[in-house]
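>
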Amino acid sequence: MRITIFGSGYVGLVTGACMAETGNHVVCVDIDEDRIAALNAGEVPIYEPGLNDYLARNRESGRIEFTTDIKNAVDHGLFQFIAVGTPPDEDGSADLKHVLTVARSIGENMDDYRIIVDKSTVPVGTADKVRGAVHESLVARGKQCDFDVVSNPEFLKEGAAISDFMKPDRIVVGTDNPRTLELLRALYEPFNRNHDRLISMDVRSAELTKYAANAMLATKISFMNELANIAERLGADIEKVRVGIGSDPRVGYHFIYPGAGYGGSCFPKDVRALARSAADSGYEATLMNAVEDVNNRQKHRLFQKLSAHYAGDLSGKTIAVWGLSFKPNTDDMREASSRALMEALWGVGAAVRAYDPEAMQEAARLYPDQPSLVLCDSAQDALHGADALVIVTEWQEFRSPDFELVKTELRDPVIVDGRNLYDTATMETLGIEYYGIGRGKSANTPA
494 MRITIFGSGY VGLVTGACMA ETGNHVVCVD IDEDRIAALN AGEVPIYEPG
544 LNDYLARNRE SGRIEFTTDI KNAVDHGLFQ FIAVGTPPDE DGSADLKHVL
594 TVARSIGENM DDYRIIVDKS TVPVGTADKV RGAVHESLVA RGKQCDFDVV
644 SNPEFLKEGA AISDFMKPDR IVVGTDNPRT LELLRALYEP FNRNHDRLIS
694 MDVRSAELTK YAANAMLATK ISFMNELANI AERLGADIEK VRVGIGSDPR
744 VGYHFIYPGA GYGGSCFPKD VRALARSAAD SGYEATLMNA VEDVNNRQKH
794 RLFQKLSAHY AGDLSGKTIA VWGLSFKPNT DDMREASSRA LMEALWGVGA
844 AVRAYDPEAM QEAARLYPDQ PSLVLCDSAQ DALHGADALV IVTEWQEFRS
894 PDFELVKTEL RDPVIVDGRN LYDTATMETL GIEYYGIGRG KSANTPA
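If you read the sequence shown in our numbering, its first letter stands for residue 494, the second for the next number, and so on.
This is the structure:
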């Protein structure tokens with residue numbers, strides 16, 4: 494099939510690469526000329542395992558193209574995917590200006606029937622606004638063309654997006670047109686072979702499903718972090734509690750790992766946008782607001798623990814930081830807990846030596862003129878001259894370090910572990926002062 498994708502960011506590139514991999518002819522269009530030139534030169538602007546190979550293979554075969562030519566892109570595809578960003582507005586709502594700009598561009602250039610697919614994460618009612626924008630553009634041209642607007646939200650995990658797309662656990666399609674539903678079913682047939690994963694519903698329900706899924710996962714994370722903070726004060730170990738409650742199949746083990754708070758491009762933005770949508774409809778989403786508040790507070794726990802260890806005096810200290818991305822297997826630092834930690838440290842006169850397997854370039858972009866930040870070539874290099882170590886992201890290479898080397902390199906044998914990677918008894922035996930998240934009395938952190 495012939496597919497056009499507006500937006501060459503994370504969702505657009507993964508969608509395009511996977512659609513091309515199954516034999517479709519995909520055109521990705523973007524107004525960013527530099528990005529399109531880079532993609533045509535074989536450069537991929539984001540890190541996602543497997544994405545480079547998919548794009549290279551399908552670019553070479555001619556199944557995927559990158560262009561800034563909107564007219565040719567609209568002419569190309571029966572399916573017009575909208576996969577542009579929806580950044581948070583000042584009030585927390587999703588900013589739809591890019592989505593609606595694309596909708597108008599489609600209306601300004603289409604000459605035949607098109608299926609317009611909202612792939613971006615958008616508030617309930619966006620499909621109506623897209624439909625209105627396309628219709629207005631057609632009327633302005635004096636043109637009559639049939640089209641449908643479909644909600645088809647993505648459920649991609651950064652770090653596992655290729656697998657999520659190729660082997661989805663669900664494919665949500667929101668449309669009221671049976672013909673359009675069958676066309677989408679045919680499009681997704683290669684990803685839907687073993688058993689039927691396609692779930693059809695009305696457009697508004699599909700739009701809400703995406704927000705609901707992310708809000709539910711964010712709620713589980715904040716709930717466990719709240720429990721972890723309680724466990725510290727009661728002398729309990731949240732890791733044992735986690736196993737105890739996770740063994741109940743009604744709870745399960747997914748997303749019940751305590752830590753330093755969630756980040757990234759989805760959970761923070763989507764929780765806020767859902768709360769804003771609720772407020773706009775006249776309902777106060779108390780739980781959604783609490784989830785956000787707990788998460789914001791949790792992002793400061795690592796700094797609080799470090800500050801408590803040094804009796805509130807971190808001025809002149811150098812802190813090694815392992816992990817900058819908001820989660821492993823990505824270079825994404827949007828709303829990452831590492832940023833809250835480092836900025837708090839700089840605010841009290843401390844310096845940072847940081848290492849991340851993939852996010853170093855992004856860190857350099859975010860903090861180009863920060864004199865108190867040294868970006869290191871390895872985890873061991875980050876330890877040189879540091880007073881203490883803080884672990885923010887649970888990359889595999891951090892799970893089993895040479896602890897004797899860590900002790901030798903650090904001025905003080907102190908580890909603040911934001912992901913509970915290590916065993917508290919082992920740390921005590923090694924003579925390392927260890928502060929985890931919710932690890933009972935060993936945490937020794939004030940409220």
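Every residue gets a Cβ at the ideal spot worked out from N, C-alpha and C, and that includes glycine.
Note the first and the last residue of the continuous beta strand (DSSP E) segment covering residue 442.
Outside the modelled stretch of the chain, which goes from 494 to 940, sits residue 442, for which no answer is possible.
> Answer yes if the region 834 to 843 comes into contact with the region 896 to 908, meaning at least three C-beta pairs across the two stretches below 8 Å, and no otherwise.
Too few Cβ pairs lie closer than 8 Å, so no.
> Are the beta-carbon atoms belonging to residue 616 and residue 770 less than 7 Å from one another?
Yes; because the gap between Cβ atoms is below 7 Å, this pair is in contact.
> DSSP three-state call for residue 811: helix, strand or coil?
Strand, per DSSP.
> What residue does the alpha helix (DSSP H) around residue 529 start on, and which one ends it?
Its alpha helix (DSSP H) spans residues 526 to 533.
> Report the rounded CA-to-CA distance for residue 797 versus residue 852, giving the unit in angstroms.
About 24 Å.
> With C-beta atoms as the reference, is residue 556 less than 7 Å away from residue 513?
Yes.
> Where does residue 645 land, buried or exposed, given buried means 16+ other C-beta within 10 angstroms?
It is buried - the Cβ of residue 645 has at least 16 other Cβ atoms within 10 Å.
> Buried or exposed: which applies to residue 751, given that a residue is buried once 16 or more other Cβ atoms fall within 10 Å of its Cβ?
That one is buried.
> Looking only at its chain, what residues have a beta carbon closer than 7 Å to the beta carbon of residue 763, apart from the 5 residues adjacent to it on each side?
Within the same chain, residue 763 has close Cβ partners 614, 704, 707 and 708.
> Three-state secondary structure (DSSP) at residue 704?
Reduced to three states, the DSSP call for residue 704 is helix.
> Any heavy atom of the ligand ZN closer than 6 Å to the beta-carbon of residue 714?
The ligand ZN is not part of this structure, which contains no ligands at all.
> Reducing DSSP to helix, strand and coil, say where residue 688 ends up.
Looking at residue 688 - three-state DSSP - the assignment turns out to be coil, as it is neither helix nor strand.
> Which of the three DSSP states, helix, strand or coil, is assigned to residue 556?
In this structure, residue 556 counts as coil in the three-state DSSP scheme.
> Taking only runs that begin and end inside the region 602 to 689, name each unbroken beta strand (DSSP E) of 3 or more residues, in chain order.
607 to 611, 640 to 644 and 664 to 667, all fully within the region 602 to 689.
> Using the beta-carbon count (16 or more within 10 Å), is residue 554 buried or exposed?
The residue in question, residue 554, is exposed, as its Cβ has fewer than 16 Cβ neighbours within 10 Å.
> Rounded to whole angstroms, what is the Cα-Cα separation between residue 692 and residue 849?
Near 38 Å, if we compare the C-alpha coordinates of residue 849 and residue 692.
> Tell me which same chain residues have a C-beta within less than 6 Å of the C-beta of residue 497, skipping the five on either side of it?
Around residue 497: 520, 566, 569, 570 and 573.
> Can you grab the Cα-Cα spacing for the pair residue 939 / residue 785, in whole Å?
Note that residue 939 has pLDDT 42, beneath the 50 cutoff, so the model's placement of it is unreliable and the number below is only indicative. Computed Cα separation, rounded: 21 Å.
> Rounded to whole angstroms, how far is the Cβ of residue 662 from the Cβ of residue 690, which I believe are closer than 8 Å?
At roughly 7 Å, the Cβ-Cβ gap stays under 8 Å, so residue 662 and residue 690 are in contact.
> May I ask which residues mark the beginning and end of the alpha helix (DSSP H) holding residue 511?
From DSSP, the alpha helix (DSSP H) with residue 511 extends over 503 to 514.
> In this structure, does DSSP put residue 518 in helix, strand or coil?
In the structure shown, residue 518 sits in a strand (DSSP, three-state: E or B).
> Can you list, in chain order, the stretches of the beta strand (DSSP E) that have 3 or more residues and sit fully within the region 816 to 868?
Taking only runs of at least 3 residues, the beta strand (DSSP E) segments lying wholly in the region 816 to 868 are 844 to 848 and 866 to 868.
> Where does residue 761 fall in DSSP's three states?
Note: residue 761 maps to helix in three-state DSSP.
> Are the region 662 to 679 and the region 710 to 728 in contact at 8 Å, needing three or more beta carbon pairs?
No: fewer than three Cβ pairs fall under 8 Å.
> Hey, would you say residue 826 sits closer than 7 Å to residue 855, going by beta carbons?
Cβ distance < 7 Å, so residue 826 and residue 855 count as in contact.
> From the DSSP output, read off the bridge partner residues of residue 882.
Answer by DSSP bridge pairing, in chain order: 813 and 908.
> Run through DSSP, which three-state label would residue 926 get?
Three-state DSSP puts residue 926 in a strand.
> Check residue 940 in the structure and name its three-state DSSP category.
Only weak support is given to the placement of residue 940: the predicted model assigns it a pLDDT of 40, under 50, and the question is left unresolved by the model.
> Within this structure, are the beta carbons of residue 559 and residue 529 separated by less than 7 Å?
Yes, these two residues count as a Cβ contact at 7 Å.
> Quick one: measure Cβ to Cβ for residue 626 and residue 597, integer angstroms, because I've assumed they're closer than 8 Å.
Between residue 597 and residue 626 the Cβ distance is about 5 Å, and since that is below 8 Å, they are a contact.
> Less than 7 Å between the beta carbons of residue 753 and residue 643, yes or no?
No, Cβ-Cβ distance for residue 753 and residue 643 is not below 7 Å.
> Can you check DSSP and say which residues form a bridge with residue 870?
None; residue 870 has no bridge partner.
> What residue does the alpha helix (DSSP H) around residue 896 start on, and which one ends it?
First-last of the alpha helix (DSSP H) with residue 896: 896 to 902.
> If you measure from the beta carbon of residue 849 to each beta carbon in chain D, is any gap under 7 Å?
Of the protein chains in this structure there is only one, and it is not chain D.
> Looking only at its chain, what residues have a beta carbon closer than 8 Å to the beta carbon of residue 639, apart from the 5 residues adjacent to it on each side?
Hits under 8 Å: 606.
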